[in-house]
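These notes are about the structure you will find just below.
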Amino acid sequence: MYNPAGADIIAPLASLFKDVVDCFDNIRLARNFEEDFDVHKLQLEIAQFRLARWGESVGFALEDLSDLYDCFKVREADLAYDILTKIVLQLKEAFNTASGYESRIEERSTSRELCGREYVEDNDEMAELHRKIRRQAISLPSQSPGSFVRGLGLASRWALYEPQHLTTLIGTVTCFIKELEDIFDMKEQQSVLCKKIAAELLSCGHEAQSLVREVAAEQDKPLRDVLGKGILSVSTRRSTRLASGSNAGAKSLLRNVRFSLP
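Using full-length UniProt numbering, read the sequence shown as starting at 1 and increasing by one per residue.
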């Protein structure tokens, strides 16, 4: 028997989705992320973009949600709500870890300082890359943060201090987003949105395009497929292997990545 989800279920689900996407905007990177900053920041941005893309493909980015009423089963909507809640709780866990780290270091330690490049709007290709991806992720109707997110302290800016904490966060969140994508089959809509950002990235330089392909290959396969399955050739002085448990999150940080496309 088909049990459709009505306004009383869809509206809170869409609201929570927007809250979770907004939560990523409040995450800052501390001084320890200075090296390979673009890789770390891109990991956050692609996670946010993939989540935003999922919600937009489902229809949760619309101002008027009435067309979505009765389109989804109650069981599907409830499951999506539970997964979004898990993402919020994962963000809260990262927040608590960062807060504990902050309390253990000296107040004037440079480790507590935000990475200076967080606030620099350079006119280079990497800055343009970050702007384009972020613009795609936050093109949602604005709303005030819900009480759930506010109560957890995630409605204000906070900072991550260690790359490993980011790796753990991105790894787990990527798994949850994949679960959301599996609930609603929106592959065609997802492909359209991926092609949209791919077209935007054409104006970015070769280094920026190569980097986004590498990060997408680790945490956003739908985007990676649209960007093209190139032959990867890597020229690097250093690569840092990152462990992410059972998750296919970011496995490595690569510098000077190059793709030789057929």
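Positions of the beta carbon are idealized from the N, C-alpha and C atoms, including for glycine.
For Val192, the closest C-alpha among the options Ile10, Gln209, Arg50, Cys23 is that of Arg50.
Secondary structure remark: continuous beta strand (DSSP E) runs of at least 3 residues inside the stretch 121 to 208, in chain order: 158 to 160. Taking the Cα of Asp38 as reference, the smallest distance to any Cα among Ile9, Met126, Ala216 is reached at Met126. Distance from the CA of Val21 to the CA of Leu65, rounded to the nearest whole angstrom, comes to 18 Å. Ala30 sits in a strand when the DSSP states are folded into three classes. Contact between Pro222 and Phe33 is ruled out by a C-beta separation of about 26 Å, above the 8 Å threshold. When C-beta atoms of the stretch 212 to 220 are compared with those of the stretch 85 to 92, fewer than three pairs fall below 8 Å, so the two segments do not count as touching. The Cβ neighbour count for Arg157, taken over all protein chains shown within 10 Å, is under 16; the residue is labelled exposed. Residues Asp70 of the same chain have their beta carbon placed closer than 6 Å to that of Pro4, with the five preceding and five following residues left out of the count.
Annotation for Phe60: no alpha helix (DSSP H) segment contains it, and DSSP assigns it neither H nor E. Judged by DSSP secondary structure, Lys18 falls within the alpha helix (DSSP H) whose first and last residues are 7 to 25.
For Asp67, there is no enclosing alpha helix (DSSP H), as DSSP marks it with neither H nor E. Beta-bridge analysis with DSSP links Pro222 to no other residue.
Inter-residue distance for Leu68 and Gly59 is about 7 Å (C-alpha atoms, whole angstroms). If the five residues before and after Leu129 are omitted, its C-beta is found closer than 6 Å to the C-beta atoms of Cys204, Ala208, all from its own chain and listed in chain order. Take the alpha-carbon of Ile46 and the one of Ile133: they are about 7 Å apart.
Note on Leu202: under 16 other CB atoms within 10 angstroms of its CB, so exposed under the neighbour-count rule. Sorting His165, Glu181, Cys175 by C-alpha distance to the C-alpha of Gly100 places His165 at the top. Shown here for Glu200: same chain residues with a beta carbon closer than 6 Å to its own, the five before and five after excluded, namely Lys132 in chain order.
If the five residues before and after Ile197 are omitted, its C-beta is found closer than 6 Å to the C-beta atoms of Gln136, all from its own chain and listed in chain order.
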